[in-house]
Every structure is written in structure tokens, then in C-alpha cells.
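Numbering-wise, the sequence shown is residues 69 to 164 according to the working numbering.
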Amino acid sequence: MAFDQVKMINQLRKAQKELAKEVVEVEAGDGAVTVQINGELKIKSVKLDREKIDFDDITELEHWIEIAMRDGYAKAQEIASDKMKPLMGGLGSLGL
């Protein structure tokens, strides 16, 4: 393997490790639901604020969870894309 290829692979590994540390936090329902997702698109936490939730209306809570998850994943994907984009151009030289 050529030096450039090894260098590129090492840069990709480093970027992946950095993404694991990047965490986005989103809220839905005016803070009733808070979700944290990292740059690897793994859920770090889900928090519910009992004072802002009407447990007699579970449909509303489910909707807020859906919104928080969707928005969190979108933001985390954007971060991952921005971090990996500069490295993706070099993948062609690796034969991938």
C-alpha cells in the first residue's frame, strides 16, 4: 500500500473517532423531549421533562419523540458529512 493510501486511511480513522465525540442535542415539545445523538449516529441520551408532558396524551409525546429523533439524526448526519467530505475525494485513489 502506498504512503498516501495509508495516510488517507489514518485520516479517515481519526475523523471517525472525532465524530464519536461530536454530540448534537435537540428538543421537541418546548423542551418536553431532549435527545442527544453523536456523529456516529448513535443515541447518547433521551430525556423527558415530566412537567411538560401530558401523559394522558401519549400520541403527543410520541410525536415529540419522533420530531426530536428526526431532527437529531439530520443534524448529526450533517456534522458527519461536513467532517468526512474533505476526505472522500481521496478515496478514489484507494480503489474504493
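Even for Gly, the Cβ is constructed at its ideal location relative to N, Cα and C.
Problem set entry | Neighbourhood of Leu80 by C-beta, 6 angstroms cutoff - its chain only, sequence neighbours within 5 removed | Leu155
Exercise. Looking only at its own chain, which residues have a Cβ that is under 8 angstroms from the Cβ of Leu164, when we skip the five neighbours before and after it?
Worked result: Because the pLDDT of Leu164 is 48, which lies under 50, any placement of that residue in the model is unreliable, and the question is left without a value.
Exercise. Under the DSSP definition of a beta bridge, which residues are partnered with Ile105?
Worked result: Val92, Ile111
Exercise. Would the region 70-88 and the region 114-121 be scored as touching if the rule is three or more Cβ pairs under 8 angstroms?
Worked result: no
Problem set entry | Whole-angstrom distance between Glu86 and Ala144, CA atom to CA atom | 13 angstroms
Exercise. Rounded to a whole number of angstroms, what is the C-alpha to C-alpha distance between Ser149 and Val103?
Worked result: 20 angstroms
Exercise. Can you check whether the CB of Val94 is closer than 8 angstroms to the CB of Ala139?
Worked result: In the sequence on display, residue 139 carries Asp and not Ala. A contact, by the Cβ cut-off of 8 angstroms.
Problem set entry | Best match in Ile126, His131, Tyr141 for proximity to Ser113 [C-alpha to C-alpha] | Tyr141
For this session: Taking the CB atoms as reference points, tell me whether Val101 and Ala136 lie closer together than 8 angstroms.
Result: yes
For this session: Give every residue of the same chain whose Cβ lies closer than 6 angstroms to the Cβ of Ile133, excluding the five residues on either side of it in the sequence, and list them in chain order.
Result: Val101
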